[in-house]
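Structure, as structure tokens:
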């Protein structure tokens, strides 16, 4: 098995992050530093990360969090801001977020130690759908909304086409509620797309990630995925 995939399956980090860790020279195989994520390893190899030996593959856990605004979607924050990890209570497993939600955004966030699944769910090749509800300033025209289905040029790069629906308008506040469906997940993508049509986002909530919804899950609470939900995610990304 390739080293990056081995680290991901062992719960060190997602496969993409594991590749970075290896290239930084933080991994040793049988006492020798390697910077090659594609190097092949077996269960008979002694592998360490930052000097700590891997203890084999962890039990895979899959947690759906209904993230409230005000929390950073990372495991640690150098500025001591509250992270989503603080919402997991007494859950001792080493989990990490699949993708991100901005600190001021809310909604469904998958947490897992299954690095291979996390990698595929966030890779644009697998076209995993993410659905957002966004309140925006102003009342967008049909012509402006139609631009989403064609893709918008942001910072010199054209985004993938996105689904768009006008759900509600608040004429007295000059605001609109949009439902936006993406299959790619670039940083601040929804906010950047809405700004590109001159209707900046004032409130953002993710309602669906790969078919996972919060349902009756209260903000700040989490639940474990069902076996059926896990299997569906695996099929979605070809695992």
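Numbering (my numbering), first residue to last: 1 to 239.
From the three backbone atoms N, C-alpha and C, an ideal C-beta is built for every residue, glycine too.
Note that the structure is predicted; figures quoted are calculated from it, not measured.
- Indicate whether residue 217 and residue 229 have their beta-carbon atoms separated by less than 8 Å. Working through the chain shown from its first residue, we reach residue 217 at position 217. Working through the chain shown from its first residue, we reach residue 229 at position 229. No. Outside cutoff.
- Item | Limits of the unbroken alpha helix (DSSP H) element including residue 189 | Counted from its first residue, the chain shown places residue 189 at position 189. From DSSP, the alpha helix (DSSP H) with residue 189 extends over 189 to 196.
- Task: Give, in chain order, every unbroken run of the beta strand (DSSP E) that is at least 3 residues long and sits entirely within the stretch 6 to 93.
- Result: 27 to 29, 32 to 34, 47 to 49, 62 to 67
- Query: Is residue 208 helix, strand or coil by DSSP?
  - Reply: What you label residue 208 is simply residue 208 of the chain shown in a count that begins at 1. In the structure shown, residue 208 sits in a strand (DSSP, three-state: E or B).
- Message: Quick check: what's the CA-CA separation for residue 196 versus residue 54?
- Response: Locating residue 196 in the chain shown gives position 196, counting from the first residue. Locating residue 54 in the chain shown gives position 54, counting from the first residue. So the alpha carbons of these two residues sit roughly 46 Å apart.
- residue 100 vs residue 237 beta-carbon contact at 8 Å: Walking along the chain shown from the start, residue 100 turns up at place 100. Walking along the chain shown from the start, residue 237 turns up at place 237. No, Cβ-Cβ distance for residue 100 and residue 237 is not below 8 Å.
- Message: If you reduce the DSSP assignment to three classes, tell me which class residue 166 lands in.
- Response: What you label residue 166 is simply residue 166 of the chain shown in a count that begins at 1. Residue state, collapsed to three classes: strand.
- Message: I'd like to check one pair, residue 107 with residue 205: are the Cβ atoms closer than 8 Å?
- Response: Locating residue 205 in the chain shown gives position 205, counting from the first residue. Locating residue 107 in the chain shown gives position 107, counting from the first residue. Yes, the Cβ-Cβ distance between residue 205 and residue 107 is below 8 Å.
- Under three-state DSSP, which class holds residue 174? Here residue 174 is taken as the residue at index 174 of the chain shown, counted from 1. Here residue 174 sits in coil by DSSP.
- Item | Three or more C-beta pairs below 8 Å linking the stretch 133 to 143 and the stretch 71 to 88 | no
- Delimiting residues of the beta strand (DSSP E) encompassing residue 107: The residue labelled residue 107 in the question sits at position 107 within the chain shown. Here the beta strand (DSSP E) through residue 107 covers 106 to 112.
- Locate the alpha helix (DSSP H) running through residue 120, then write down its first and last residues. By one-based count along the chain shown, residue 120 stands at place 120. Counting along the chain, the alpha helix (DSSP H) containing residue 120 begins and ends at 115 to 122.
- Measuring alpha carbon to alpha carbon, tell me which of 138, 147, 185 ends up nearest residue 122. The count along the chain shown starts at 1 and reaches residue 122 at position 122. For residue 122, the nearest C-alpha among the options comes from 185.
- Task: Output the boundary residues of the alpha helix (DSSP H) element that contains residue 223.
- Result: Numbered from 1 along the chain shown, position 223 holds the residue referred to as residue 223. From DSSP, residue 223 is part of no alpha helix (DSSP H) but of the beta strand (DSSP E) over 222 to 224.
- Under the three-state reduction of DSSP, which class applies to residue 218: helix, strand or coil? Your numbering for residue 218 matches position 218 in the chain shown. Residue state, collapsed to three classes: coil.
- Task: Would you mind working out which of 190, 86, 187 sits nearest residue 221, comparing C-alpha positions?
- Result: To locate residue 221, count along the chain shown from 1; it is residue 221. Nearest option by C-alpha distance: 86.
- Message: Just to confirm my understanding: we take residue 194, look at its own chain, exclude 5 residues before and 5 after, and list those with CB closer than 7 Å. What are they?
- Response: The sequence position of residue 194 within the chain shown is 194, counting from 1. Excluding the 5 residues flanking it on each side, residue 194 has same chain C-beta neighbours closer than 7 Å at 134, 136, 200, 201, in chain order.
- Query: Are the beta-carbon atoms of residue 12 and residue 25 separated by less than 8 Å?
  - Reply: The residue you call residue 12 lines up with position 12 of the chain shown. The residue you call residue 25 lines up with position 25 of the chain shown. Not a contact, by the Cβ cut-off of 8 Å.
- Query: Between the beta-carbon of residue 160 and the beta-carbon of residue 141, is there less than 8 Å?
  - Reply: Along the chain shown, read from residue 1 onward, the residue named residue 160 stands at position 160. Along the chain shown, read from residue 1 onward, the residue named residue 141 stands at position 141. Against a cut-off of 8 Å, the Cβ pair of residue 141 and residue 160 comes out as no contact.
- Task: Would you kindly report the start and end of the unbroken alpha helix (DSSP H) that includes residue 160?
- Result: As a position in the chain shown, residue 160 is number 160, starting the count at 1. Element bounds for residue 160: n/a, residue is neither H nor E.
- So, is residue 19 buried or exposed, given that buried needs 16 or more other C-beta atoms within 10 angstroms? Taking the chain shown and counting its residues from 1, the one referred to as residue 19 is at position 19. Buried, by the Cβ-count rule.
- Answer yes or no: do residue 162 and residue 105 have a C-beta to C-beta separation smaller than 8 Å? For the purposes of this step, residue 162 is taken as residue 162 along the chain shown, with counting starting at 1. For the purposes of this step, residue 105 is taken as residue 105 along the chain shown, with counting starting at 1. Contact flag unset, no.
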